[in-house]
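J.:
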Amino acid sequence: MLMNSRYLLPLRANGLRFFSSFPKSSFAAVKTNNPMIFDPSETEKICAEISSVNSRLQNLQLTAQYLAGRPLLKLPTINPKTVVCPTTQIIEVKRFIVEQPKEVKEPEVVKKQIKEPLSHAIVKKHAIRMIVLRRRKMKKHQLKKLWQRMYLKFRANRQAREKKKEYEFRGKLAAKVADARKFSAQKYVEDYLNDYHTPLLPKTYKGKRLPEWLIKELLEQDKEHVKETALRGKELTTAQDIVKPGESVKDFIARTWNKTSN
5 MLMNSRYLLP
15 LRANGLRFFS
25 SFPKSSFAAV
35 KTNNPMIFDP
45 SETEKICAEI
55 SSVNSRLQNL
65 QLTAQYLAGR
75 PLLKLPTINP
85 KTVVCPTTQI
95 IEVKRFIVEQ
105 PKEVKEPEVV
115 KKQIKEPLSH
125 AIVKKHAIRM
135 IVLRRRKMKK
145 HQLKKLWQRM
155 YLKFRANRQA
165 REKKKEYEFR
175 GKLAAKVADA
185 RKFSAQKYVE
195 DYLNDYHTPL
205 LPKTYKGKRL
215 PEWLIKELLE
225 QDKEHVKETA
235 LRGKELTTAQ
245 DIVKPGESVK
255 DFIARTWNKT
265 SN
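Per the working numbering, the sequence shown runs over residues 5 to 266.
(1) Distance check for residue 157 and residue 180, CA to CA, integer angstroms please.
(2) Just how far apart, CA to CA, sit residue 244 and residue 189?
(3) State the start and end residues of the unbroken alpha helix (DSSP H) segment that holds residue 236.
(4) Quick one: using the 10 Å Cβ neighbour count with 16 as the cut-off for buried, is residue 48 buried or exposed?
(5) Identify whether residue 199 lies in helix, strand or coil by the three-state DSSP scheme.
(6) If you follow the alpha helix (DSSP H) that residue 76 is part of, which residue opens it and which one closes it?
(7) Would residue 76 and residue 70 be called neighbours here (beta carbons separated by less than 9 Å)?
(8) Note the first and the last residue of the continuous alpha helix (DSSP H) segment covering residue 183.
(9) Under 9 Å, do residue 205 and residue 191 count as touching if we go by C-beta distance?
(10) Does residue 255 come out as helix, strand or coil in the three-state DSSP assignment?
(11) Using a 10 Å radius around the Cβ and a threshold of 16 neighbouring Cβ atoms, would you call residue 258 buried or exposed?
(12) Classify residue 64: buried if its beta carbon has 16 or more other beta carbons within 10 angstroms, exposed otherwise.
(13) With DSSP collapsed to three states, give me the class of residue 67.
(14) Quick check: what's the CA-CA separation for residue 2 versus residue 123?
(15) If you draw a straight line from the alpha carbon of residue 315 to that of residue 130, how long is it in whole angstroms?
(16) From this set, 246, 152 and 232, which residue's C-alpha is nearest residue 238's C-alpha?
(17) Assign residue 68 to buried or exposed, taking buried as 16 or more other Cβ atoms, counted over all protein chains shown, within 10 Å of its Cβ.
Take a look at the structure:
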């Protein structure tokens, strides 16, 4: 079949060299005046039959289309589509306004149905409260079982707590008795009076918050400065004025010299 399909193709020129593994036949010497051996319709029919037998032989189908004069590739520009502007129709439709009158309907009347009551009332039963009651019963039961099982342990713990509280109370009471026996009324009064007569130390000095030792030193310096100012123009031993008011130099010399000479 392949060898027969080879002869359906157009023959090459005599000057071209043909490379093939098939043996050369007498058709190579035929002139090129008759390039087509069969009609295009017959070649297309034969190639279609071959391609139906074996779908992989697509090259024969393309060759048949070429010999029949049909284009192998279909370009999208061959058959251009006409584009119509949509605005023309929209403008034509919207040239006038169509008013649709609303229908006024009467309100629907709901008719109430009167039915005979049932012979017995239906009581709905819910199990919501049942869960609460069941939990309460289980807690009570578990507590009862716990006390039956751990009664001796609980009693021992309670007695230990009471014993511990009693020891703490007796210890505090013994400490108070010891302090009362050591109490001395005379010493208490002396301590109270000493505390009452001790001057209070200010926390600040001239509006500034300073340490305690520095405030003490500054207060002592102020006291010394007051004493020095008070002894200006006076004797240190007698604290009398050295120069009396209204006394002249002669009077001062006469008073002091006579005193020294005596």
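In this text, a Cβ means the ideal position worked out from N, Cα and C, and glycines have one as well.
T.: The relevant details are as follows:
(1) Within the model, the alpha-carbon separation for residue 180 versus residue 157 is close to 35 Å.
(2) Residue 244 and residue 189 have their C-alpha atoms roughly 48 Å apart.
(3) Element bounds for residue 236: n/a, residue is neither H nor E.
(4) In summary, residue 48 is buried, with 16 or more beta-carbon neighbours lying within 10 Å of its beta-carbon over all protein chains present.
(5) DSSP, reduced to helix, strand and coil, places residue 199 within a helical segment of the structure shown.
(6) Per DSSP, residue 76 belongs to no alpha helix (DSSP H) and is neither H nor E.
(7) Remark: C-beta atoms of residue 76 and residue 70 approach each other more closely than 9 Å.
(8) Start and end: 132–186.
(9) The answer is no: Cβ separation not under 9 Å.
(10) In the three-state DSSP reduction, residue 255 falls in the helix class (H, G or I).
(11) With fewer than 16 Cβ atoms within 10 Å of its Cβ, residue 258 is classed as exposed.
(12) By the Cβ neighbour-count rule, residue 64 is buried, with 16 or more other Cβ atoms within 10 Å of its own.
(13) Of the three classes helix, strand and coil, the one that applies to residue 67 here is helix, per DSSP.
(14) The displayed coordinates of the chain run from 5 to 266. Any statement about residue 2 would go beyond what the structure contains.
(15) This structure cannot speak to residue 315, because the chain is shown only from 5 to 266.
(16) Ranking 246, 152 and 232 by Cα distance to residue 238 puts 246 first.
(17) The residue is buried, with at least 16 neighbouring Cβ atoms inside 10 Å.
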